[in-house]
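Structure record follows, encoded as structure tokens.
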Amino acid sequence: MAKEITSRSEDYSQWYNDIVKKANLAQNSAVRGCMVIKPYGFSIWEKMQGQLDKMFKETGHVNAYFPLFIPKSFLSKEAEHVEGFAKECAVITHHRLMNNPDGPGVVVDPSAKLEEELVVRPTSETIIWNTYRDWINSYRDLPLLINQWANVVRWEMRTRLFLRTAEFLWQEGHTAHATKAEAVAETLQMQEVYARFAEDYMAVPVIKGVKSANERFAGAEDTYTIEALMQDGKALQAGTSHFLGQNFAKAFDVKFLDENQKSEHVWATSWGVSTRLMGALIMTHSDDDGLVVPPKLASTQVVIVPIPKPNDEIDAAVEKISAELKAKGITVKYDQDKKKRPGFKFAEYEMHGIPVRLGIGKRDLEKGQVEVARRDTKEKSSQPLEGIADYIEQLLEDIQNNLFQRALDFRKEHSTHVDTFDEFKEVLETKGGFIYAHWDGTTETEKKIKELTKATIRCIPNDSKDEDGICVLTGAPSKRRVIFAKAY
Numbered sequence: 031m032a033k034e035i036t037s038r039s040e041d042y043s044q045w046y047n048d049i050v051k052k053a054n055l056a057q058n059s060a061v062r063g064c065m066v067i068k069p070y071g072f073s074i075w076e077k078m079q080g081q082l083d084k085m086f087k088e089t090g091h092v093n094a095y096f097p098l099f100i101p102k103s104f105l106s107k108e109a110e111h112v113e114g115f116a117k118e119c120a121v122i123t124h125h126r127l128m129n130n131p132d133g134p135g136v137v138v139d140p141s142a143k144l145e146e147e148l149v150v151r152p153t154s155e156t157i158i159w160n161t162y163r164d165w166i167n168s169y170r171d172l173p174l175l176i177n178q179w180a181n182v183v184r185w186e187m188r189t190r191l192f193l194r195t196a197e198f199l200w201q202e203g204h205t206a207h208a209t210k211a212e213a214v215a216e217t218l219q220m221q222e223v224y225a226r227f228a229e230d231y232m233a234v235p236v237i238k239g240v241k242s243a244n245e246r247f248a249g250a251e252d253t254y255t256i257e258a259l260m261q262d263g264k265a266l267q268a269g270t271s272h273f274l275g276q277n278f279a280k281a282f283d284v285k286f287l288d289e290n291q292k293s294e295h296v297w298a299t300s301w302g303v304s305t306r307l308m309g310a311l312i313m314t315h316s317d318d319d320g321l322v323v324p325p326k327l328a329s330t331q332v333v334i335v336p337i338p339k340p341n342d343e344i345d346a347a348v349e350k351i352s353a354e355l356k357a358k359g360i361t362v363k364y365d366q367d368k369k370k371r372p373g374f375k376f377a378e379y380e381m382h383g384i385p386v387r388l389g390i391g392k393r394d395l396e397k398g399q400v401e402v403a404r405r406d407t408k409e410k411s412s413q414p415l416e417g418i419a420d421y422i423e424q425l426l427e428d429i430q431n432n433l434f435q436r437a438l439d440f441r442k443e444h445s446t447h448v449d450t451f452d453e454f455k456e457v458l459e460t461k462g463g464f465i466y467a468h469w470d471g472t473t474e475t476e477k478k479i480k481e482l483t484k485a486t487i488r489c490i491p492n493d494s495k496d497e498d499g500i501c502v503l504t505g506a507p508s509k510r511r512v513i514f515a516k517a518y
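Counting from 1 along the sequence shown, just add 30 to a position and that's the residue number in the numbering used here.
Dropping the structure here:
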């Protein structure tokens, strides 16, 4: 099976596409730019979704659902917002089809034109803030902490499975607060939640920072981001949290009476992650033999393969092992398919990134042992059946930690400080990764660097320290370094 995967060194883009398809994660659909997420791919997304949902609820958020369709007039109320999304909007103009009077098939009924066009949700700020006007009257109604799990449509022309599709799945949080300080604290809290999820569950190290004015979300006053580095040296924006100020509250006239009965506009945030996280997981950990899944997000953490095929004795041993593993909350599958040889099964589970594989046969039972193979390092060992569940539990933790450390080491090796534009260009072309460089703070310089190199400012790190220097392009004074990279 691995021979069916293009190597990363040969063609990274094709390697990625091969893994998505060969590991049965997703496929292109009949609708251009859209994808079908297959059951195995969706099972991993469900694990992500479940953990994130738990983390959101632990921070006081509740789920709701808002319409897929947004009146076009809503998008006109916040100028920056509509400008940011206008070119990606899918628009509904009619509400009915009819039989074609001139031949077979159906056509749009010209008499069914909508009085006002509807935009298919590219993001939900406008429809939600129009609703919040009815929900918020007093300081007693605040804070309002709402999340929704939904699909959105952004009419992308150049698409790639999980990373950029015309329709994708995501969650979007939308909160309302009585003060600016509370809203800013919420924005930073959710950035921290995303970072913790990425590092603790996805085993993907991220840098927390704030976007430049040119890169921030349309309609936001500040956008906070978590940035990850993929194995090809490109950055991937893995999640964003936006401080919206009072922009949407003013656009939709959302006010509240404070404790002194004074009318004020509320303060807002929005934040989201999407199925793009699946792309981040694939590109951070996988190898030329297939997918690698961190144990905490694997829908099946352990697979047991009988050698050469099941029998009563092996079945009894596996039943005992499975019960011990399940008692520890470990998900396990026993492959009793007699139509496939063990070697084929080994390759199949390696392709799917199952963290741990156990092989057990007659000789293993005679010796009171089982063969254990870990997916991250491909190491195999024989372990005693006695205490095997404890061993596997620790092994899964070791694999999770190893994947994170391996990715962190890669990021460290591909993070470079540069002081001149010649150094900047050389590192970008020969090494890639995160480039720490001085920037004069102007949008003009930022755009010029992007035009010359295709690199963008990924973020100004939250923990960046003042450091006098000069901009790598203009030579103008700079107070701190920012992170540049080519990105997805």
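Backbone N, C-alpha and C fix where the C-beta goes; we use that ideal spot for every residue, glycine too.
- Counting only residues of its own chain and dropping the five nearest sequence neighbours on each side, H125 has a CB closer than 7 Å to the CB of A142 and L144.
- Collapsing the DSSP output to three states places H468 in a strand.
- For the pair I337 and G389, the CB atoms are nearer than the 8 Å cut-off.
- The alpha carbon of K484 has as its nearest neighbour, out of G499, P491 and F454, the alpha carbon of F454.
- Boundaries of the alpha helix (DSSP H) around L433: I418 to E443.
- For V66, the secondary structure class from DSSP, reduced to helix, strand or coil, is strand.
- Going by beta carbons, G383 and A53 fall inside the 8 Å limit.
- Between the stretch 473-490 and the stretch 237-245, the count of C-beta pairs closer than 8 Å reaches three or more; the two stretches touch.
- In its chain, beyond the 5 residues on either side, Y169, L172, P173, F286, D288, E294, V296 and W297 have a beta carbon closer than 8 Å to the beta carbon of A208.
- When secondary structure is reduced to three states using DSSP, A403 falls in the strand class.
- Per DSSP, I351 is one residue of the alpha helix (DSSP H) stretching across D342 to A357.
- At a Cβ-Cβ threshold of 8 Å, A467 and R511 count as neighbours.
- The C-alpha of W75 is placed about 25 Å away from the C-alpha of T299.
- Going by DSSP, V150 is part of no alpha helix (DSSP H) but of the beta strand (DSSP E) stretching over K143 to V150.
- Runs of the beta strand (DSSP E) spanning 3 or more residues and lying entirely within the stretch 157-198 occur at 174-183, in chain order.
- Sequence-distant Cβ neighbours of K107 in its own chain, meaning closer than 7 Å and more than five residues away, are T156, A281 and F282.
- Fully contained in the stretch 258-283 are the following beta strand (DSSP E) runs of length 3 or more, in chain order: 265-275.
- In this structure, L148 keeps its C-beta atom at 8 Å or more from the C-beta atom of I166.
- Within its own chain, the residues whose Cβ lies closer than 7 Å to the Cβ of L355, once the five positions on either side in sequence are excluded, are V332, V362, A419 and I422, listed in chain order.
- In this structure C119 touches P152 by the C-beta definition: roughly 6 Å separates them, less than 8 Å.
- Taking a 10 Å sphere around the C-beta of E88, we find fewer than 16 other C-beta atoms and assign the residue as exposed.
- With respect to the 8 Å criterion, G320 and T195 are not classified as neighbours on the basis of their beta carbons.
- Distance from the CA atom of K51 to the CA atom of Q57, rounded to whole angstroms, is 6 Å.
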